[in-house]
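Colleague: Chains as they are written, first to last, in full-length UniProt numbering: chain A, 1 to 381; chain B, 1 to 252.
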Amino acid sequence: MATGGGQQARPTRPSSFSRVSSSSFSPASSSSTSTSLPPGVRIGANGAAFVSSGIPDLDRILGGGFLVRSVVMVMEDADAPHHLLLLRNFMSQGIVHGQSVLFAGPTKEPRSFLGTLPSPVVQKEGLKIKHDVSDVQDKEKGLRIAWQYKKYFGELTAVDSHNRDKKQEYSSDFDLRKPLERQLLNSQNIECISTQDAFDLSKLQNHCLTFVSKLSLKDGINSNAGRIAIQSLCAPQCGYFEKDWDMLSFIRSLRATVQSSNAVAVITFPASVLSNSISKRWQHLADTLLSVRAIPDEDKDLAKLLTGYQDMLGFLHVHKVAQFNSQVPVILDASTYSLKLQKRKSLVLERLNQAPVEGSSGVSYATSGSCSSSKGSLLDF
Amino acid sequence: MAEVGDLLAEAMGHSLPVGKVVLVGDCVETSGAFVLHLLLKRCLSLDSSFAVFVALSHPFSHYDRVLRKMGCNLSVQKKNGKLHFLELLDFSARSKENSVDDGFCKLYNEIRKAVETARSKDTKASCVYIMIDDISLLEIAADGSENDVLNFLHYCSTLTSEMDCSLIILNHEDVYSSEEAPRLLAHLQHLSDIEIRAAPLNTGLAADVHGQLTVINKGLLNDDRRSGRRIWNFQFKVKENSVEFFYPGSQH
């Protein structure tokens, strides 16, 4: 089985990105000389290679980012296009790192989607952030923090300033208000394909195959990572929409293609247009499965239940996380997060916080209790 | 032959059942692949047994590394002839000349040949284990043709009686639970002697307990009317090198 220029194994770094499960398997590489990894690729626990999703919070939640050689699927919400936020950040991150990007969308001119890609935020306050971290670490020793608030401090203590530098390179913060520079978009390794009038998926399949084969031809030693982004694969306007088994066959072959190369594929799909059983089949084919859900505009129950409800764009739910060469499932602390725009420009994911219950009326306990039980299946704190 | 405290072996009646069809069901939330890994490891650690692994889901390297953490070296086993590994990531039953039926015919013949080779080499071979990961991918390879997949599975199950093999199949049950006519699932359940179902806990995610297993042992009808338990339910935690099985509340 051909592997396109395998990643060099490195000793596992004690970064905040390593998984909770204790894996004894660490490659015994004593040399600390930095092997030339392709840009934007990081090695995590078990020698697994990750690329950033373009959203630093999501990278942290998933334990490093998107696993190279995996397929990520995002279930869309029919009411809101939040999946596009994920796709855009994913593609921008790849372009910023000079990685090859293949995009397929169900429109006549998929190239125009590139115009909506965000540009990275310029980091001016790098020094200030470092100071904050060391301050907090000093204060930490004297403080006894209630367990409820530990989650805010947990990440800071694990990150030292050296890692912070690397982190900025690996994963950029994107400003959703600023489009990506034109010159970056004109580079040769960005391909756009339309799936709208495609009668079948063979053309897209061939494009993916050639895209992936080009990845291994470059440089010889360490080929660049590649990103395949497919928007709304089973959208009704696509010519092959009725052909359930053709679509499944395509995903399966894409999975096989990606598994033997240095690529990551992100596929979004409107699960509601598929039948339940076919949707389940799609979900099983994913290595990492996410879903986005819109927030109704004026939901008083939810407003009472959650803090910061007004700023939320939607929910992101993590159904499963890819695991590399291991049978242990990844268990997250929380699997539902809220999508928010910080300062109106960058996308953040936050854990959900239950709003403080009014102490005076005993009734509110009952209402919040019933709220959480009715929404229990949707939200997971 | 069950080890003390090994609930799965107790439920199955044997740490590794001989001449049976075992159906392992799972869902999106909880993967049942670890059962296959465990049974494969047990099979390869016995002296006179042989495994045929039909891998549609992951490449050989994945299984190799997972099993290596469990103390079993697949490459060595393959070299010694104890394991016949079929990597069929992009297997398509239908090709230009052949129909789906022919594609499956070829696959069945390959499996049968591997079993016969194993038997001829070592006449003391106690059992050959055929493992399939997983059925839903076979359906995709068959372009959705349920009949062909069923035919193929029926043929494979005849090997269990004819040639003393065991057939262990991984299936994604939640795909069929929402269908109006879950024909394939019904057939599989009818075919199987032991059903193992991996499901998430009713209470949600937990770091210490990864899910629950329900084992339905349809029992040995030829033996003298064993009135042992037929349905078992317990919880499990998957680790890198093993799996722990325990009753709810007894995990320390």
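By construction, the Cβ of each residue, glycine as well, lies at the ideal position given by its N, Cα and C atoms.
For SER30/A, is the classification buried or exposed, using 16 other Cβ atoms within 10 angstroms of its Cβ as the cut-off for buried?
Modeller: In this predicted model, SER30/A has a pLDDT of only 36, less than 50, meaning its place in the structure is not dependable enough to derive any value.
Colleague: Given this structure, state the Cα-to-Cα distance separating GLU162/B from LEU88/B, to the nearest angstrom.
Modeller: 26 Å
Colleague: Provide the residue(s) that pair with MET312/A in DSSP beta bridges, ordered along the chain.
Modeller: According to DSSP, MET312/A bridges with LYS340/A.
Colleague: Over what stretch of residues does the beta strand (DSSP E) that includes MET131/B continue unbroken?
Modeller: 127-133
Colleague: Taking only beta-carbon atoms, is LEU313/A less than 8 Å away from chain B?
Modeller: no
Colleague: Measuring alpha carbon to alpha carbon, tell me which residue in SER275/A, TYR240/A, PRO118/A and VAL122/A is nearest SER178/B.
Modeller: SER275/A
Colleague: Considering only residues of the same chain and omitting the five flanking positions on each side of LYS167/A, which have a CB-CB separation below 6 Å?
Modeller: In this prediction, LYS167/A has a pLDDT of 49, which is less than 50 and means its spatial position is unreliable; what the coordinates show is noted afterwards. Excluding residues within five positions, none has a Cβ falling inside 6 Å.
Colleague: How about GLU65/B: is its C-beta nearer than 8 Å to some C-beta of chain A?
Modeller: Residue identity check: residue 65/B is Arg in the sequence provided, not Glu. It does: the Cβ of ARG65/B has a partner Cβ on chain A nearer than 8 Å.
Colleague: Compute the Euclidean distance between the alpha carbons of ILE190/A and LEU107/B, then round it to the nearest angstrom.
Modeller: 40 Å
Colleague: Could you give the distance in angstroms between the alpha-carbon of ASP297/A and the alpha-carbon of LEU180/A?
Modeller: 30 Å
Colleague: Would you mind sorting ASP208/B into buried or exposed? The rule is 16 or more other CB atoms within 10 Å of its CB.
Modeller: exposed
Colleague: Between the region 113-138 of chain B and chain E, which residues of the former have a C-beta closer than 8 Å to a C-beta of the latter?
Modeller: In the displayed structure, chain E is absent; the protein chains listed are A and B.
Colleague: Any idea which residues DSSP pairs ALA49/A with across the strands?
Modeller: For ALA49/A, the beta-bridge partners assigned by DSSP are ILE43/A.
Colleague: Does DSSP put GLY6/A in a helix, a strand or coil?
Modeller: Here GLY6/A scores only 40 on pLDDT, less than 50, and its place in the model is too uncertain to base an answer on.
Colleague: Beta-carbon of ASN276/A versus every beta-carbon of chain B: anything under 8 Å?
Modeller: When Cβ-Cβ separations below 8 Å define contact, ASN276/A makes contact with chain B.
Colleague: Residues bridged to PRO120/A by DSSP?
Modeller: DSSP lists PHE174/A as the beta-bridge partner residues of PRO120/A.
Colleague: Residue range of the beta strand (DSSP E) that ASP26/B falls in?
Modeller: 21-26
Colleague: Which residues, taken in chain order from the region 72-97 of chain A, show a beta carbon closer than 9 Å to some beta carbon of chain B?
Modeller: none
Colleague: Suppose the cutoff is 8 Å on Cβ atoms and the five residues either side in sequence are ignored; what does the same chain contact list for LEU117/A look like?
Modeller: ARG88, MET91, SER92, ILE95, PRO179, LEU180 and LEU185
Colleague: Measure the CB-CB distance between SER272/A and ALA78/A and report whether it falls below 8 Å.
Modeller: yes
Colleague: Show which residues of chain B have a CB atom less than 9 Å away from the CB atom of ILE61/A.
Modeller: Those within 9 Å of ILE61/A in chain B number zero; the least Cβ separation is about 14 Å.
Colleague: Mind pulling the chain B residues with CB within less than 8 Å of ASN189/A?
Modeller: Within chain B, no residue comes near ASN189/A; the closest Cβ sits about 25 Å away, beyond 8 Å.
Colleague: Just confirm the distance between the C-beta atoms of GLN205/A and PHE250/A, as a whole number of angstroms; I'd bet it's less than 8 Å.
Modeller: 6 Å
Colleague: Which whole-angstrom value describes the C-beta separation of ASP244/A and GLY103/B, a residue pair presumed to lie in contact below a C-beta threshold of 8 Å?
Modeller: Not really, about 19 Å apart at Cβ, beyond 8 Å.
Colleague: Determine, using beta carbons only, whether GLY45/B comes closer than 8 Å to chain A.
Modeller: It should be pointed out that residue 45/B corresponds to Ser in this sequence rather than to Gly. It does not; no Cβ of chain A falls within 8 Å.
Colleague: Taking 6 Å as the limit between beta carbons, can you name the residues of its chain near TYR176/B, skipping five residues before and five after?
Modeller: Within the same chain, TYR176/B has close Cβ partners PRO182 and LEU185.
Colleague: Leaving aside the five residues before and after PHE66/A along the sequence, list all residues of the same chain whose C-beta is less than 6 Å from its C-beta, in chain order.
Modeller: VAL51, SER53, VAL72 and VAL264
Colleague: With a cut-off of 8 Å, do at least 3 Cβ pairs link the region 196-204 of chain B to the region 67-75 of chain B?
Modeller: no
Colleague: Please work out which residues of its chain come closer than 6 Å, Cβ to Cβ, to VAL52/B, disregarding the five sequence neighbours upstream and downstream, and give them in chain order.
Modeller: HIS84, ILE111, ALA114 and ILE130
Colleague: Does the separation of the CB atoms of VAL101/A and ALA225/A fall below 8 Å?
Modeller: no
Colleague: Quick one: which residues of the region 302-336 of chain A get their C-beta closer than 8 Å to a C-beta of chain B? List them in chain order.
Modeller: HIS319, LYS320, ASN325, SER326, GLN327, VAL328, PRO329, ILE331, LEU332 and SER335
Colleague: For VAL71/A, report the span of its beta strand (DSSP E) as first-last.
Modeller: 71-75
Colleague: In terms of alpha-carbon separation, which member of LEU201/A, ASP287/A, SER172/A and LEU305/A lies closest to ARG60/A?
Modeller: SER172/A
Colleague: Using the Cα positions of HIS82/A and GLU76/A, report the straight-line distance between them to the nearest angstrom.
Modeller: 8 Å
Colleague: For the candidate residues SER346/A, LYS343/A and GLY308/A, whose alpha-carbon lies nearest to that of GLN354/A?
Modeller: GLY308/A
Colleague: Expressed to the nearest angstrom, what Euclidean distance is found between the alpha-carbon atoms of GLU139/B and PHE91/B?
Modeller: 11 Å
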